[in-house]
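In our numbering, the protein residues as written are 71 to 504. All residues carry an ideal CB built from backbone N, CA and C; glycine is no exception. Keep in mind it's a predicted model, so treat the numbers as computed, not measured. I have placed the structure first, in the form of structure tokens, so that the comments after it can refer back to it.
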Amino acid sequence: MNDKRLHPESLMMSYGYNPEWSEGAVKCPIFQTSTFVFKTAEEGKALFEIAYGKREQLPSEHLGLIYSRINNPDLEILENRLTLWDGAEECAVFESGMSAISTALLEFLQPGDLLLYSLPLYGGTEHFIEHVLTKFGIHVVRFTAGQSHDELRKIIANTGYSHKLAMIYIETPANPTNDLIDIACCKSLAKEFSTKDHEVLVAVDNTYFGPLWQHPLKLGADLVLYSATKYIGGHSDVIAGACLGSKQLMKRIKTLRTFLGNMAGPWTGWLLLRSLETLKPRMELQARNARGVAEFLSEHSKIEKVYYLGFLDESNPTQYNIFKKQCLSGGAMVSFDIKGGEKEAFAFLNHLKLIKLAVSLGSTESLAEHPATMTHCDVPDEEKVKLNISEKLIRLSVGVENHEDIIWDIGQALESIKILNEEPALEHLEEHHV
Ligand SMILES: *Cc1c(COP(=O)(O)O)cnc(C)c1O
């Protein structure tokens with residue numbers, strides 16, 4: 071059986087694991103061990119030579135197990151399975167999305183280098199770039215979705231460090247407004263600024279859409295990053311991250327991971343293996359539910375605007391063209407502007423009964439939050455205006471519940487806003503009853 075020819079969803083239960091290794095167990099056990107026995111001292115010596123890069127691995131050699139900071143069966147099997155979705159050569163799993171992102175940035179940026187990144191960016195990533203990378207003398211500059219290739223070229227040139235451009239880092243679709251950034255365009259820009267001995271890399275945080283609905287490596291990106299806490303984990307019960315790319319780049323990432331010591335543990339690896347078995351049905355159901363939710367919202371009188379990628383069409387040709395090139399679904403993240411402001415948005419959030427009021431996304435349960443005061447509270451006010459992160463914006467991560475129930479919950483929470491505005495006495499009464 072040529073495993074590579076089967077679809078990823080068919081391989082999530084078996085790929086990379088042989089029951090003969092573990093007493094015939096159908097499921098890969100949790101290898102809760104810190105260290106592994108060498109067959110002979112010679113084998114131990116050879117494994118260290120390869121792991122520490124003292125010599126090249128021979129084609130006949132396999133990097134055997136040494137110590138769980140370097141490798142562990144649960145992590146290796148998980149990494150092999152994750153490569154299938156993105157068509158990557160290799161993958162490294164981390165103890166969080168932030169550790170995958172920070173390790174990739176640290177490995178490929180040096181003092182004096184220039185990093186170009188897109189806005190809006192996940193708050194933790196932006197903090198790391200602005201407050202940690204800059205401490206090490208790395209120059210950083212930003213752009214927003216919708217800026218053209220020429221404008222980006224000018225932004226880079228205006229820094230005076232264009233010859234030092236080392237990486238373009240983007241997040242698409244961007245959180246929380248679903249703005250799209252053209253991955254192939256970033257790659258062509260990176261090529262323009264690359265020289266024979268200096269390759270500019272494109273890194274994409276694919277958390278919002280991956281690994282099912284967007285495959286950045288196939289569109290020219292060099293590195294793909296994930297918060298595996300989101301869709302990959304999918305059950306709001308584990309924090310983890312992943313980075314994928316070519317063998318050559320991943321070797322560097324894995325080496326730095328070994329020395330930073332931020333790999334995931336076997337228990338996290340096992341949980342994610344379990345999550346991957348249902349990744350596709352979960353995400354597909356979430357996307358179907360999200361379309362229903364977006365349609366309901368777009369017709370509701372208390373809603374001003376819906377940010378949902380499944381609605382893109384010729385009326386917004388720039389975004390629609392990017393969507394057609396790189397997105398395989400409308401996704402399961404729906405944001406919307408409610409009529410009013412913070413008061414109305416909070417009334418809605420406080421009245422939800424089924425949907426949980428929490429940050430994070432991509433999980434089986436639907437989640438709602440208020441970006442302006444929660445996930446994006448750090449974004450300066452003038453930038454919030456530019457990015458449409460207003461006080462009336464709500465972000466929804468649509469889960470796998472029955473779609474009629476999700477819509478019912480949204481509907482009744484929206485109704486409660488009327489009570490608040492028009493019949494304050496009733497709202498008062500209600501409060502006393504609970
Ligand atoms: C959550 C998230 C991260 C950070 O991941 P953690 O697992 O929380 O460290 C990075 N990028 C995006 C887009 C995210 O949503």
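Residue i burial status per 10 Å Cβ neighbour count (16 or more: buried)
i              : result
serine 80      : exposed
valine 455     : exposed
arginine 75    : exposed
valine 308     : buried
serine 306     : buried
tryptophan 337 : exposed
glutamine 389  : buried
histidine 268  : exposed
proline 286    : buried
glutamate 261  : Note on identity: in this sequence residue 261 is lysine, with glutamate being the wrong assignment. Flag for lysine 261 reads exposed.
leucine 499    : In this predicted model, leucine 499 has a pLDDT of only 48, less than 50, meaning its place in the structure is not dependable; the value taken from the coordinates is given anyway. Exposed.
isoleucine 366 : A quick correction: the sequence has phenylalanine, not isoleucine, at residue 366. Phenylalanine 366 should be labelled buried.
glycine 469    : buried
proline 143    : buried
histidine 502  : Per-residue confidence for histidine 502 stands at a pLDDT of 49, beneath the threshold of 50, marking its modelled position as unreliable; the derived number appears in the next sentence. Exposed, by the Cβ-count rule.
Under the three-state DSSP convention, the category residue i falls into
i              : result
methionine 168 : helix
glycine 311    : strand
leucine 176    : helix
serine 306     : coil
leucine 133    : coil
serine 104     : coil
alanine 298    : coil
methionine 83  : coil
serine 138     : coil
histidine 77   : coil
asparagine 88  : coil
aspartate 183  : coil
serine 316     : coil
glutamate 160  : strand
leucine 191    : coil
leucine 128    : coil
Beta-carbon proximity check, residue i vs residue j, cutoff 8 Å
i              : j              : result
proline 579    : isoleucine 208 : Here the chain comprises residues numbered 71 to 504, so residue 579 is not present and cannot be evaluated.
alanine 429    : alanine 310    : According to the sequence provided, residue 429 is valine. The question's alanine does not apply to it. Cβ distance not < 8 Å, so valine 429 and alanine 310 don't count as in contact.
tyrosine 301   : glutamate 241  : no
isoleucine 408 : isoleucine 476 : no
isoleucine 199 : leucine 185    : yes
serine 436     : leucine 466    : yes
tryptophan 283 : cysteine 161   : no
serine 264     : valine 270     : yes
leucine 289    : alanine 254    : yes
valine 210     : threonine 204  : yes
threonine 348  : glycine 167    : no
isoleucine 487 : glutamate 439  : no
leucine 250    : aspartate 275  : no
isoleucine 323 : threonine 173  : yes
serine 104     : serine 130     : no
histidine 370  : leucine 484    : yes
Cβ neighbours of residue i in the same chain (closer than 6 Å, five flanking residues each side left out)
i             : result
isoleucine 48 : Outside the shown range of the chain (71 to 504) lies residue 48, about which nothing can therefore be said.
leucine 148   : Val163, Gly339, Leu342, Leu343
glutamine 102 : Pro336
tyrosine 231  : Leu184, His209
leucine 346   : Met82, Arg151
Cβ neighbours of residue i in the same chain (closer than 8 Å, five flanking residues each side left out)
i                 : result
tyrosine 133      : Reading off the sequence, residue 133 comes out as leucine, not tyrosine. Cβ within range, chain order: Leu117, Ile120, Ala121, Gln127, Asn141.
tyrosine 85       : Asp73, Ile147, Asn150, Arg151, Leu154
phenylalanine 393 : Leu250, Leu379, Leu382
arginine 223      : Leu259, Glu262
threonine 445     : Gly193, Asn245, Pro246, Val429, Glu439, Arg465
Proximity test, Cβ basis, 8 Å: residue i and chain D
i             : result
aspartate 252 : Structure shown: chain D not included; a single protein chain is present.
query = If you scan the segment 409-479 from start to end, which runs of the beta strand (DSSP E) of 3 or more residues do you find wholly inside it?
reply = 437-439, 463-467
task = Could I get the ranges of all uninterrupted alpha helix (DSSP H) runs contained in the segment 347-376, with 4 residues as the minimum, in chain order?
result = 349-368
key: Ordered list of beta strand (DSSP E) runs contained in the segment 375-408, each at least 3 residues   = 403-408
inquiry  = My parser needs the beta strand (DSSP E) runs of 3 or more residues fully inside the segment 203-287; what are they?
reply    = 209-214, 235-241, 271-275
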